[in-house]
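First to last, the protein sequences are chains C and G.
Everything in the first sequence is counted per the numbering used here, starting at 230 for the first residue and increasing by one.
Everything in the second sequence is counted per the numbering used here, starting at 230 for the first residue and increasing by one.
All C-beta atoms, glycine included, are put in the ideal place defined by N, C-alpha and C.
Below is one structure, written out as structure tokens, with a few remarks after it.
There are 2 protein chains.
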Amino acid sequence: MNTAIDDITETPPLTSLEALGQAAECLKILAHPHRLRMIQMLLRDRYTVGELAQACEIPSHMASEHLRLMQRCGFLTNQKEGRNAYYQVVETHLTHFMACIEARFGQA
Amino acid sequence: MNTAIDDITETPPLTSLEALGQAAECLKILAHPHRLRMIQMLLRDRYTVGELAQACEIPSHMASEHLRLMQRCGFLTNQKEGRNAYYQVVETHLTHFMACIEARFGQA
DNA sequence: TTGACATGTCGAAACATTCCGATATATTTG
DNA sequence: CAAATATATCGGAATGTTTCGACATGTCAA
Chain C
230 MNTAIDDITE TPPLTSLEAL GQAAECLKIL AHPHRLRMIQ MLLRDRYTVG ELAQACEIPS
290 HMASEHLRLM QRCGFLTNQK EGRNAYYQVV ETHLTHFMAC IEARFGQA
Chain G
230 MNTAIDDITE TPPLTSLEAL GQAAECLKIL AHPHRLRMIQ MLLRDRYTVG ELAQACEIPS
290 HMASEHLRLM QRCGFLTNQK EGRNAYYQVV ETHLTHFMAC IEARFGQA
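Pasting the structure below:
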């Protein structure tokens with residue numbers, strides 16, 4: 230015999246189209262190989278723009294643009310130290326997203 | 230004293246830029262509110278193009294295009310029955326991705 | 001066979017993203 | 001101060017995505 234709670238856990242309600250719109254915005258920002266690499270690195274440690282740029286094999290002014298984008302949407306924050314800018318992750322759910330991506334696309 | 234295995238589990242290698250490129254392609258396809266809604270529904274049951282279109286509040290010929298895109302990249306498959314086409318999920322990792330999205334963006 | 005229905009496909013307009021050179025700002029070093 | 005370094009920003013060309021109307025295909029029922 231099912232209880233009300235059983236029914237809810239069996240079929241949770243659909244997410245609203247509005248919330249899925251927000252989700253889609255965030256996924257669009259994730260959907261770039263250089264930004265994924267930056268997030269993967271920043272989930273482990275903090276890095277400067279130049280270090281991230283080098284890891285992505287791109288000019289640092291382009292890394293700066295990717296980082297600005299990810300900061301504007303609440304994924305990252307930065308701290309300026311001298312002439313360097315250290316970025317780090319603030320959106321904790323990125324840990325889970327990256328775990329999903331690593332589970333599917335591996336460490337290859 | 231750390232073993233080699235400890236070191237690996239503490240700092241797994243970065244995913245290659247090539248693999249992250251594939252991941253980005255998949256995320257781009259996920260990054261659309263109507264496609265997210267379709268996937269969320271199809272993870273629970275199979276539906277026709279018309280049913281999915283109605284749930285997304287879009288004309289069915291546009292639902293058909295979204296479904297074709299998701300089929301081409303290996304997320305979905307379909308079975309024709311009479312004049313209907315039933316779609317269902319074949320990429321099992323979508324369960325985990327959708328769980329992440331629901332955890333972050335809720336059932337609101 | 002005819003008409004209604006469900007789905008699929010095409011092409012173009014509208015829109016968004018990516019990339020890059022040029023330039024700007026701020027900081028450290030000599 | 002001047003030069004070098006690190007980061008940030010701007011504008012535009014190239015490219016990709018989304019949407020939509022129009023039309024094509026295939027199925028069912030009368």
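{"Asked": "8 Å contact criterion, which C/Gln317 and C/Leu265 should meet: CB distance rounded", "Found": "That belief does not hold up - the Cβ atoms of C/Gln317 and C/Leu265 are roughly 16 Å apart, past 8 Å."}
{"Asked": "Anticipated Cβ contact below 8 Å, C/Leu296 with C/Met267, distance rounded", "Found": "7 Å"}
{"Asked": "Distance CB(C/Phe304)-CB(G/Ala252) smaller than 7 Å", "Found": "no"}
{"Asked": "Cβ of C/Arg333 within 7 Å of any chain G Cβ", "Found": "yes"}
{"Asked": "Three CB pairs or more closer than 8 Å across the stretch 272–282 of chain C and the stretch 307–322 of chain C", "Found": "yes"}
{"Asked": "Interface residues of the stretch 247–274 of chain C facing chain G [CB-CB below 9 Å]", "Found": "Glu247, Ala248, Leu249, Gly250, Gln251, Ala252, Ala253, Glu254, Cys255, Leu256, Lys257, Ile258, Leu259, Ala260, His261, Pro262, His263, Arg264, Leu265, Arg266, Gln269, Met270 and Arg273"}
{"Asked": "DSSP beta-bridge partners of G/Gln308", "Found": "G/Tyr315"}
{"Asked": "First through last residue of the alpha helix (DSSP H) which encompasses C/Arg264", "Found": "Pro262 to Leu271"}
{"Asked": "Assumed close pair C/Leu249, G/Ala260 - CB separation to whole angstroms, cut-off 8 Å", "Found": "Incorrect: roughly 10 Å between the Cβ atoms, too far for contact."}
{"Asked": "C-alpha distance - C/Ile287 paired with G/Thr240, whole-angstrom precision", "Found": "24 Å"}
{"Asked": "Below-7 Å beta-carbon distance, G/Pro242 vs any chain C residue", "Found": "yes"}
{"Asked": "Straight-line gap, C/Arg331 to C/Pro242 (C-alpha atoms, nearest Å)", "Found": "The question names Arg, but residue 331 of chain C is Glu in the sequence shown. Straight-line Cα distance between these residues: approximately 28 Å."}
{"Asked": "beta-carbon G/Arg264 near the ligand NAD non-hydrogen atom, thresh 6 Å", "Found": "Although the ligand NAD was asked about, the structure shown includes no ligands whatsoever."}
{"Asked": "Sheet register partners of C/Thr277 (DSSP bridge)", "Found": "C/Tyr315"}
{"Asked": "When G/Glu320, G/Cys302, G/His263 and G/Arg301 are compared against G/Gln283, the one with the closest alpha-carbon", "Found": "G/His263"}
{"Asked": "Short CB-CB distance (under 7 Å) between C/Leu325 and chain G", "Found": "Note on residue identity: the sequence assigns His, not Leu, to residue 325 of chain C. Interface residue, yes."}
{"Asked": "Contacting residues, own chain, Cβ-Cβ under 7 Å from C/Cys329 (five flanking each side not counted)", "Found": "none"}
{"Asked": "Span of the alpha helix (DSSP H) around G/Ser289", "Found": "Ser289 to Arg301"}
{"Asked": "Below-7 Å beta-carbon distance, C/Gln336 vs any chain G residue", "Found": "yes"}
{"Asked": "Three-state class that DSSP yields for C/Gly335 in the structure shown", "Found": "coil"}
{"Asked": "Terminal residues of the alpha helix (DSSP H) in which G/Glu254 lies", "Found": "Leu246 to Leu259"}
{"Asked": "Collapsed DSSP secondary structure at C/Leu323 in the structure displayed", "Found": "helix"}
{"Asked": "Within-7 Å CB hit, C/Cys329 to chain G", "Found": "yes"}
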